[in-house]
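Colleague: Below you will find the structure I want to go over with you.
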Amino acid sequence: MSGWLSPEALEAIRLSLKVALWATVLSLPAGIFVAYALARWRFPGKQLLNGLVHLPLILPPVVTGYLLLLAFGRTGLIGQPLYDWFGITLAFRWTGAVLAAAIMAFPLLVRAIRLALEAVDPKLEEAAKTLGASRLLGFATITLPLILPGVIAGAVLAFAKAMGEFGATITFVSNIPGQTQTVPSAIYAFLQVPGGEGAALQLVVISVGLALGALLLSEVLSRRVAKRISGR
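Number 202 in UniProt numbering belongs to position 202 of the sequence shown; there are no gaps in the numbering.
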């Protein structure tokens with residue numbers, strides 16, 4: 001690959017993989033918890049939580065990025081305490097790109113896991129409770145193995161979404177080569193300079209291949225969920 005891709009493109013691919021991996025890993029526990037809450041629990045504000053989870057899918061990504069800048073910027077409501085107390089800065093850093101990508105990918109992750117959970121009979125967990133298992137143990141030993149393909153499918157979709165995130169990322173962390181320039185940002189940068197179309201096209205081909213592969217893998221895993229639950 002290094003023979004036909006420029007160093008800038010290779011660095012953008014490396015950073016995108018790094019950002020997408022961390023965004024997926026860090027959002028997975030919260031995604032499972034939120035999906036379980038939406039699928040199993042009844043509580044005031046459930047519809048509000050559902051709306052907030054899916055809001056990044058509806059809002060323009062630039063709006064999401066601007067809200068992140070207001071909240072997590074150096075002088076933001078959350079960003080200022082993070083910097084003053086812990087010396088942590090997210091805006092215009094690759095770690096901020098992880099945050100932006102995780103938020104944009106979170107709805108896809110939650111939806112895939114929630115669908116898998118809703119296909120599992122909650123009475124299985126209730127039966128485990130009657131045998132002395134705690135709620136957490138029942139989930140870990142019974143429900144989680146059943147929904148594991150759905151969890152993996154959601155993680156794959158989240159990873160692919162994080163790889164392709166552009167609007168929120170460029171608004172929150174800018175487009176700094178070697179620091180915050182991911183594949184979509186690199187494609188945008190290449191298209192702004194004369195003669196950059198070839199390099200942009202190379203990255204486009206790689207992006208399309210990764211996206212198609214993620215969609216196919218997610219579909220295969222989703223079908224496995226249905227087969228496992230139905231027993232066929």
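In this text, a Cβ means the ideal position worked out from N, Cα and C, and glycines have one as well.
Can you list, in chain order, the residues of its chain whose CB lies under 7 Å from that of Ala155, leaving out five sequence neighbours each side?
Modeller: Thr24, Leu28 and Leu109
Colleague: Excluding the 5 residues preceding and the 5 following Gly167 in the sequence, name in chain order all residues of the same chain whose CB lies nearer than 8 Å to its CB.
Modeller: Cβ neighbours of Gly167 beyond the five flanking positions: Pro60, Pro61, Val62, Thr64 and Gly65.
Colleague: Using the C-alpha atoms, what's the distance from Pro149 back to Leu215?
Modeller: Approximately 14 Å between the Cα atoms of the pair.
Colleague: Is the segment 198-215 in contact with the segment 5-23, if contact means three or more CB pairs nearer than 8 Å?
Modeller: yes
Colleague: Scan the segment 105-165 and note each continuous alpha helix (DSSP H) run of 4 residues or more that stays entirely inside, going in chain order.
Modeller: 123-130, 135-138 and 144-164
Colleague: Please tell me whether Leu55 and Lys46 are closer than 9 Å, where the distance is taken between their beta carbons.
Modeller: no
Colleague: Since Ser6 is in the alpha helix (DSSP H), which residue starts that stretch and which ends it?
Modeller: Here Ser6 belongs to no alpha helix (DSSP H), and DSSP marks it neither H nor E.
Colleague: Assuming Met104 and Lys18 form a contact by the criterion Cβ under 8 Å, report the distance between their Cβ atoms to the nearest whole angstrom.
Modeller: Rounded, the Cβ-Cβ distance is 16 Å, inconsistent with contact.
Colleague: Within 10 angstroms of its Cβ, does Ile58 collect 16 or more other Cβ (buried), or is it exposed?
Modeller: exposed
Colleague: Taking contact to mean 3 or more Cβ pairs, one atom from each stretch, closer than 8 Å, check whether the segment 115-123 and the segment 135-154 are in contact.
Modeller: In the pairwise beta carbon analysis, the segment 115-123 is classified as touching the segment 135-154: at least three pairs are separated by under 8 Å.
Colleague: Could you tell me the distance, in whole angstroms, from the CA atom of Met1 to the CA atom of Gln179?
Modeller: Summary for Met1: the model assigns pLDDT 47, below 50, so the residue's position carries little reliability, and this model does not support an answer.
Colleague: Should Leu15 be labelled buried (16 or more other beta-carbon atoms within 10 Å of its own) or exposed?
Modeller: buried
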